[in-house]
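Protein chains in written order, with UniProt numbering: chain A, 1 to 452; chain B, 1 to 452.
Cβ atoms here follow ideal geometry from the backbone N, Cα and C, with glycine treated the same way.
2 protein chains.
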Amino acid sequence: MDAEARTTQTGHPRVVIVGAGFGGLQAALDIGKQQPEVNLTVIDRTNHHLFQPLLYQVATAALSPADISTPIRHVLRKQKRTEVVMAEVTDVDLEQKRVIMHDVSIPYDYLVIATGAHENYFGHRESWEPIAPGLKSIEDAQQIRRKILLTFEQAELEMDTEQRKRLLTFMVIGGGPTGVEMAGAIAELAYQTLPPEYRHIDPGMIRVILVEAMPRILSTFPKSLARRARKKLERLGVDVRTSTLLEEITEEGAVAGGQWMPANTIIWTAGVQASPAGQWLGAETDRAGRVLVNPDLTLPNHSDVFVLGDTATIMQDNKPLPGIAPVAMQQGHYVAVVIKQKIAGEQTSEPFHYHDKGYLATVGRAYAIASIGRIRISGFSAWILWLAVHIVYLIGYDNRIMVLLQWAWSYIFLKRRVRIIAPSTRDNPVPDPAHNNMPAAEKTEVSTIPGQ
Amino acid sequence: MDAEARTTQTGHPRVVIVGAGFGGLQAALDIGKQQPEVNLTVIDRTNHHLFQPLLYQVATAALSPADISTPIRHVLRKQKRTEVVMAEVTDVDLEQKRVIMHDVSIPYDYLVIATGAHENYFGHRESWEPIAPGLKSIEDAQQIRRKILLTFEQAELEMDTEQRKRLLTFMVIGGGPTGVEMAGAIAELAYQTLPPEYRHIDPGMIRVILVEAMPRILSTFPKSLARRARKKLERLGVDVRTSTLLEEITEEGAVAGGQWMPANTIIWTAGVQASPAGQWLGAETDRAGRVLVNPDLTLPNHSDVFVLGDTATIMQDNKPLPGIAPVAMQQGHYVAVVIKQKIAGEQTSEPFHYHDKGYLATVGRAYAIASIGRIRISGFSAWILWLAVHIVYLIGYDNRIMVLLQWAWSYIFLKRRVRIIAPSTRDNPVPDPAHNNMPAAEKTEVSTIPGQ
């Protein structure tokens, strides 16, 4: 196949989708199914679609990365006119209608921007992100997993009590659903799964702290459910601190609510910032960088450019829609229909409307909270619901039954089977006992079996 | 728990095992079971025991790293007087009887060195290893997986035919069991699994080459079996080149048998070099760095130091024992018994003798060869045997049933589910289309759907 063969078949419209998250992938699947004649290109920085809601399970060693990611081109393999490109988009030329990737570009007739969001460090990204990673990518999750597991190895060798306490303190910043799920999973891992396998770690020294600036956690959930979730977290051993503003993060710990807390592992889930797509488009955005879109999800003055998911913001019932997977997926469905209507020269039937199917969050093993319309559920029944919903929505995952079995295994036996400390770009994988703050006199004896 | 508590209980002997591969872990399990009063310390650079024989399945995206690794301390969790230390051993002081890890050390009464081996690049490690990784660690396997998957992404975007051919050429250096298994698995991945998901990759352009310096592959196997394995490899599309000496490796390809072969992915399985333990011990070694041990696996003149597995060499029937898992495991069993006898002040009963249970190797999906005594089996029945043996020997793997299911899934449906291209310390994960050698004239059009 030579370069000559690679020209767009003229007469067929060309749709480019940037980002294969929940919104972008849904749009790609719908377009492939409903408009097989369209030339579709899906561009993503990675080669995989990631089931982000389960990323905390990777971070806490219950699932492998592959359990929650699937190659984008595998999902779209049957759409013969769909092409998948692994590349980084750097700009959009709205005049020339081209998507730019460094110094190459491709043309579009219709463009869908679904590039998602990343953590918002509120002006401290440079100094805080390396210490307190967020939970948006496989790499993030692996970094957190490595940090948690490595910290236990270091604590096992550490002779200084204060240092050992610091190593065994885990802080989660942000009491939204991700922070709550993360804190619950860390508590189970740190209090229940790991200690029996160490000889010098006293579970009484371990602390898991959840820091939230607002007066309560889970502010998008009804108050009664948030209260129950807090109780459950506290039963798991999490120190929940609401109305506590984070002020500073250093390698040694954090200052929150005016108090210095030594901690080795800090995880950031306190806010999201949209991808830089707003800048590519020169568009008006809200404070979090989300593009203000028309009711049909198009960019103002550009009826051929759509923005959806966490990259866009749109009001419904006087509130902005939340940045969750169901919103992005419904928007993906909607955009596919609107593009079909535009290609056919029809009027767009009606503005986008989100059908709220409710909210779900897990708090540790076999406990969840659910808010569906006026119904509130918590406990095991909510967790079964959570499980069912998450299995159904694992888009294109051939191995969803396998993932279900892995979960069942982890949950029933409290196993955390994915406990490899792999080398990282950032950490040294092998703890050097000599670098611990051991008193000089003990430096020759790294650690020995306690007499008993 | 403070430092005071960490003193060896006097009167109980202290055994230190360095390395938790097949040999070291087996010795640790046996000592824990048979001599619960011994203070045992197991030191390893990583936190996991690795089931190396299946590493090629990780490298070819069929299994996740966690499927073939298990935390060492999890395996040994029930041995209350066993301590696991994740640290790098740098030397041994035979006079003072201490194991040194950078600038700390621990004492031993009996020492077991089971630190394994790594690739032997025959003097070219510095220049060849970064280009042609081996297959000894999780990191190696992940690097190879990333390279194979990324190369397909790059080939999909590449406009230059020669470059595309180079990208789609995979070379395996070394025709031993690992090389054969690797070449077979790459052939299935490259010819069968991946191409249907790409739009611009012509399977006719893909080449998998196995290079072996000796006149035949699998020189440790009977000739008849090696011949059958070669035929099977060739049916899978592997270009098997025996009597072909590798002369040079560069970023662009390799010279083998006097011929320049452009190739993007080169994998090294051509020889092993023992760990530096021989240097720590100041011991006499063979050319591959393996320590020459006494018939009872002790170091000459040091009856309290044992060396086993790939780190040692010992003759039996006028041949050195092969560097395979069953040898290391039997040596681990043996050493545990000898240490028990020494502690009890008894004579060591008899020298180590390896009970040969045969050889097994897989060649692609559902095909293996087996040599057991005088019995030779090949094909599906040998593969079933291979499967059974490998499942039985997954030491301490809670999830061996899960791994079996993953395999069955992969094998039956030709799936390669672990296809994440994760960031690496060495590569840039996002291929930049502009960096491909595209003719300047085409630089503005990265790739479009072929007209059809």
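Interface partners of residue i on chain B, CB under 7 Å
i                 : result
Val418 of chain A : Ala66
Thr46 of chain A  : Ile421
Neighbour flag for residue i against chain B, beta carbons, 7 Å
i                 : result
Arg426 of chain A : Here Arg426 of chain A scores only 40 on pLDDT, less than 50, and its place in the model should not be relied on; the value that follows carries that caveat. Taking Cβ atoms only, chain B never reaches closer than 7 Å to Arg426 of chain A, which makes this a no.
Val430 of chain A : With a pLDDT of only 48 at Val430 of chain A, under 50, the local geometry of the prediction cannot be trusted, and no value is derived from it.
Glu188 of chain A : no
Glu158 of chain A : no
Residue burial classification, residue i (beta-carbon count within 10 angstroms, cutoff 16)
i                 : result
Trp260 of chain B : exposed
Ala61 of chain A  : buried
Asp317 of chain B : exposed
Ser243 of chain A : exposed
Phe380 of chain B : exposed
Asn301 of chain A : exposed
His355 of chain A : exposed
Gln341 of chain B : exposed
Gly258 of chain A : exposed
Ile17 of chain A  : buried
Met315 of chain A : exposed
Ser127 of chain A : exposed
Pro351 of chain A : exposed
Ala388 of chain A : exposed
Val392 of chain B : exposed
Pro130 of chain B : exposed
Gln331 of chain A : buried
Arg374 of chain B : exposed
Contacts of residue i in chain A (Cβ-Cβ under 9 Å)
i                 : result
Glu197 of chain B : Pro71, Arg73, His74, Leu76, Arg77 and Val84
Distance between beta carbons of residue j and residue i, contact taken as under 8 Å
i                      : j                 : result
Thr82 of chain B       : Val112 of chain B : So it is not a contact: roughly 13 Å between Cβ atoms.
Ser275 of chain B      : Ala117 of chain B : 6 Å
Gln154 of chain B      : Leu167 of chain B : 5 Å
Ile186 of chain B      : Leu246 of chain B : 17 Å between Cβ atoms; not a contact.
Arg230 of chain A      : Ile209 of chain A : Contact flag wrong, Cβ pair sits at about 13 Å.
Asn361 of chain A      : Val180 of chain A : First, the amino acid is wrong: residue 361 of chain A is Ala here, not Asn. At roughly 6 Å, the Cβ-Cβ gap stays under 8 Å, so Ala361 of chain A and Val180 of chain A are in contact.
Ser64 of chain A       : Ser137 of chain B : Not really, about 17 Å apart at Cβ, beyond 8 Å.
Phe170 of chain A      : Ile201 of chain A : Going by Cβ atoms, the distance from Phe170 of chain A to Ile201 of chain A rounds to 13 Å, so no, they are not a contact pair.
residue 539 of chain B : Ser224 of chain B : Only positions 1 to 452 of chain B appear in this structure, which leaves residue 539 of chain B out of reach.
Gln273 of chain A      : Glu119 of chain A : 7 Å
Cross-chain neighbours of residue i in chain B, by beta carbon under 9 Å
i                 : result
Leu149 of chain A : Asn47 and Pro71
Closer than 8 Å at the beta carbon, the chain A residues around residue i
i                 : result
Glu153 of chain B : Asn47 and Met86
The ligand GTP heavy atom lying under 6 Å from the CB of residue i
i                : result
Ala59 of chain A : The ligand GTP is not among the ligands present in this structure, which contains no ligands whatsoever.
Cβ of residue i within 7 Å of any chain A Cβ
i                : result
Gly11 of chain B : no
- Is the stretch 130-145 of chain A touching the stretch 322-338 of chain A, taking contact as three or more C-beta pairs under 8 Å? At 8 Å Cβ cutoff, the stretches do not touch.
- Do three or more CB pairs link the stretch 188-202 of chain B to the stretch 283-293 of chain B at distances below 8 Å? For the pair of segments examined, the stretch 188-202 of chain B was found not to touch the stretch 283-293 of chain B: the number of CB pairs separated by less than 8 Å stays below three.
- Item | Cβ contact check for the stretch 85-92 of chain B and the stretch 30-44 of chain B: 3 or more pairs under 8 Å | As far as the Cβ criterion goes, the stretch 85-92 of chain B touches the stretch 30-44 of chain B, which means the pair count is three or higher.
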